[in-house]
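Working notes, structure below.
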Amino acid sequence: MSGTDNLSSSQIKLTPEIVLRAYAAGIFPMAESAENPELFWVDPEFRGILPFEHFHVPRSLRKTVRQNKFEIRYNTNFDGVIKACGEHSDDRRETWINGEIIYLYSKLFKMGHAHTVECWQDGGLVGGLYGVSMRGAFFGESMFSRVRDASKVALVHLMARLRYGGFKLLDTQFVTEHLSLFGALEVPRERYHELLDDAMAIDATYFSSLEPELEASLLSELMQSSTQTS
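Numbering (the numbering used here), first residue to last: 43 to 272.
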């Protein structure tokens, strides 16, 4: 990967605790492919982030969110989400989520550090995302869609919840065309570490359960602020 420093982790047995310490130091693990059992550390020269103050919800997506096409759940099916994120599809012929990643992040979920936003429709899981929270930082890992716009809707719900919980950094690792629609941008490694240090200095809460009226209010506030900054 261009502009990325990769450090082998094959010399040591990774644990969830080591992964958390790595995130706090600004690096994260990946695999070359789902079939490759080894992991390596990634330390991008330029890091993707989604600034809270410049988060943008595209006009067409605002309509989709308001239509409530999906039932949104949080932290109810971590195994289903991470495995779906690792599936091959027409849009994603290769995936970096191997068995070791699934094992480690499932452990992090049981520890309360990994979380999901899930989109359900007609009783089935049709989209969502997962990531890791530490202090005031949320590290987005992967997302998937089996129905149009499902992962995008999940991201909108995630941002509303992170803002309410007091988070200061939403790390996307890299910037994709998908994420750029929401205002994702790249920052140099040095600047990323400054933002990470600031986020790690505060406490934040990932709320897996909120009253429906409050959640609706948070979404409305987020999309209103997005309209004003469009």
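Backbone N, C-alpha and C define an ideal beta-carbon position, used for all residues, glycine too.
Reference residue 208, options 240, 188, 186, closest by Cα: 240
Residue 245 beta carbon less than 8 angstroms from that of residue 177: yes
The stretch 156 to 167 / the stretch 73 to 86 touching (three or more Cβ pairs under 8 angstroms): no
Residue 187: first and last residue of the uninterrupted beta strand (DSSP E) it sits in: 179 to 187
Integer Cβ distance of residue 228 from residue 128, believed to fall under 8 angstroms: Their Cβ separation, rounded to whole angstroms, is 25 angstroms, which puts residue 228 and residue 128 out of contact at 8 angstroms.
Close beta carbons around residue 243, own chain, < 8 angstroms, minus the five adjacent residues each side: 177, 178
Helix, strand or coil at residue 64 according to DSSP, with G and I counted as helix: helix
Contact check, residue 180 vs residue 212, beta carbons under 8 angstroms: yes
Sub-8 angstroms separation of residue 5 and residue 193 beta-carbons: Given that the chain is displayed from residue 43 to residue 272, the structure contains no residue 5 and the question cannot be resolved.
Burial state of residue 236 (16 or more Cβ within 10 Å): exposed
Backbone CA spacing between residue 238 and residue 94 [nearest angstrom]: 14 angstroms
For residue 254, the three-state DSSP class (helix, strand or coil): helix
For residue 214 and residue 102, the rounded distance between their alpha carbons: 23 angstroms
Per-residue burial, residue 55 [other beta carbons within 10 Å of its own, 16 or more giving buried]: exposed
Nearest-angstrom Cα separation, counted from residue 120 out to residue 262: 27 angstroms
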